[in-house]
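Asker:
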Amino acid sequence: MHTVAVLALDSVVPFDLATPMEVFGRTRLPDGRPGYRVVVCAATPTVTTGAFSIAVPYGLDVLADADTVVVPGVADPAAAAPAAVLDALRTAAANGARIASICGGAFTLAATGLLDGHRATTHWVATGRLAARHPRVRVDPDVLYVDNGQFLTSAGAAAGLDLCLHLVRRDHGAAVAADAARLSVMPLERAGGQAQFITHEPPAPDGATLEPLLAWMRDNTGRELTLADIARHAGLSTRTLNRRFRDQTGTTPLRWLHRVRVHQAQHLLETTTHPVDRVAGQVGFGSTTAFRDRFKRITGTSPQAYRRSFRGV
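Counting in full-length UniProt numbering, the sequence shown runs from 1 upward without gaps.
1. Report back the beta-carbon spacing between Leu167 and Thr68 to the nearest angstrom; my notes put them in contact at under 8 Å.
2. Considering residue 323, what are the terminal residues of the beta strand (DSSP E) in which it resides?
3. In the structure shown, what three-state DSSP assignment does Pro82 receive?
4. If contact is defined by three or more beta carbon pairs under 8 Å, each pair taking one atom from either stretch, is the region 102-110 in contact with the region 69-77?
5. Using a Cβ-Cβ cutoff of less than 8 Å, which residues in the same chain neighbour His274 once the five nearest sequence positions on both sides are dropped?
6. Would you mind listing the alpha helix (DSSP H) stretches within the region 102-141 that are 4+ residues and don't spill past its ends, in chain order?
7. Could you check how far apart the C-beta atoms of Thr46 and Val39 are, in whole angstroms? I think they sit under 8 Å.
8. Quick check: the Cα distance between Gln196 and Arg170, rounded to an integer number of angstroms?
9. Specify, as a first and last residue, the run of the beta strand (DSSP E) that Val276 falls within.
10. In chain order, what residues of the same chain lie with their CB nearer than 6 Å to the CB of Pro141, ignoring the 5 residues before and after it?
11. Leaving aside the five residues before and after Leu254 along the sequence, list all residues of the same chain whose C-beta is less than 7 Å from its C-beta, in chain order.
12. When you compare the region 208-223 with the region 231-244, are there three or more beta-carbon pairs, one atom per stretch, that lie closer than 8 Å?
13. Looking only at its chain, what residues have a beta carbon closer than 6 Å to the beta carbon of Gln150, apart from the 5 residues adjacent to it on each side?
14. With a threshold of 16 other CB atoms inside 10 Å of the CB of Gly35, please say whether the residue is buried or exposed.
15. Are the CB atoms of Thr238 and Val262 within a distance shorter than 8 Å?
16. Quick check on Leu7: does DSSP put it in helix, strand or coil?
17. CA-CA distance, Ala51 and Met21?
Below, the structure written as structure tokens:
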């Protein structure tokens, strides 16, 4: 069974620690078997969280045999991690473990040197400090998470949930990840490239938001929708629509629509044998070439390669 080792450092952020335990611990395969074995480890038998302390059942030695290692953040992300912790993470990486950090855990992972030359992220308030402290890491302050294959990093709080669900999807496919998302009461739609920090307009006097429009767009992805069509349905000018979309979703209406279409295509590629051109048409792309290009831009791989990786998992 796939073992996930969650590393608890002193002053660990409780939310960051609980996130992988909840997501991976509750993941179930279609036959009901657990998808993961989750263990918590630390350099010391007891770890503080600020508000309380926890007894940790495993030492750093379990990292050497883990399939996935998760590094949560700590209260002071810039505090130096013990040398034994950094060595254990390097050994885990050398043994082929996938290592993911949540929020300020990126500082610990970067201190190992494993992120050098890679793109990475952390909570938006700390991205400047991460870049200054580790200039060989390419810090992206605008995304929810970054997947480099073996090494992954995420922004703060809920972005850790997004990252964990992304890993479940990588390991077991969309259906299992969707079930895990439902148990976490989370949407399985937030792509890693979505903006971290989104400002929201004050609610309109009638309490209206973009949610009814977003639901309509999800239900009509198979149609050819232009910006003018969307604005007309919303009863807004295209300029006002673009402004509200950026304020409330961090992106434009058409980019948001493309992302939803690609997510729907991922589901079809995983659960059907439909040819790629049929999938493209079903989710609203008028051209298979345009579909392939957009799919690769959003997922980092081609529809065919995605299907080979996830179909039948």
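Heads up, the beta-carbon is just placed ideally off N, CA and C, and yes, glycines get one too.
Answerer: According to the structure shown:
1. So it is a contact: roughly 7 Å between Cβ atoms.
2. Residue 323 falls outside the range modelled here, since the chain spans only 1 to 313, and no answer is possible.
3. Note: Pro82 maps to coil in three-state DSSP.
4. They touch, by the three-pair rule.
5. Excluding sequence positions up to five before and after His274, its CB lies within less than 8 Å of the CB of Leu268, Gln282, all in the same chain and listed in chain order.
6. For the region 102-141, whole alpha helix (DSSP H) runs of length 4 or above, ordered along the chain, are 105-111, 127-133.
7. In fact, because the Cβ distance is near 16 Å, the residues do not count as touching under 8 Å.
8. Per-residue confidence for Gln196 stands at a pLDDT of 48, beneath the threshold of 50, marking its modelled position as unreliable; the derived number appears in the next sentence. Straight-line measurement puts the Cα of Arg170 at about 22 Å from the Cα of Gln196.
9. No beta strand (DSSP E) contains Val276, which is instead part of the alpha helix (DSSP H) from 276-282.
10. Cβ neighbours of Pro141 within its own chain (closer than 6 Å, five residues either side excluded): Trp124, Thr127.
11. Leu227.
12. Segments in contact, yes.
13. So the list reads Arg98, once near-sequence residues are dropped.
14. By the beta-carbon neighbour count (other beta carbons within 10 angstroms, threshold 16), Gly35 is buried.
15. No. Outside cutoff.
16. Strand.
17. If you take the alpha carbons of Ala51 and Met21, they lie about 19 Å apart.
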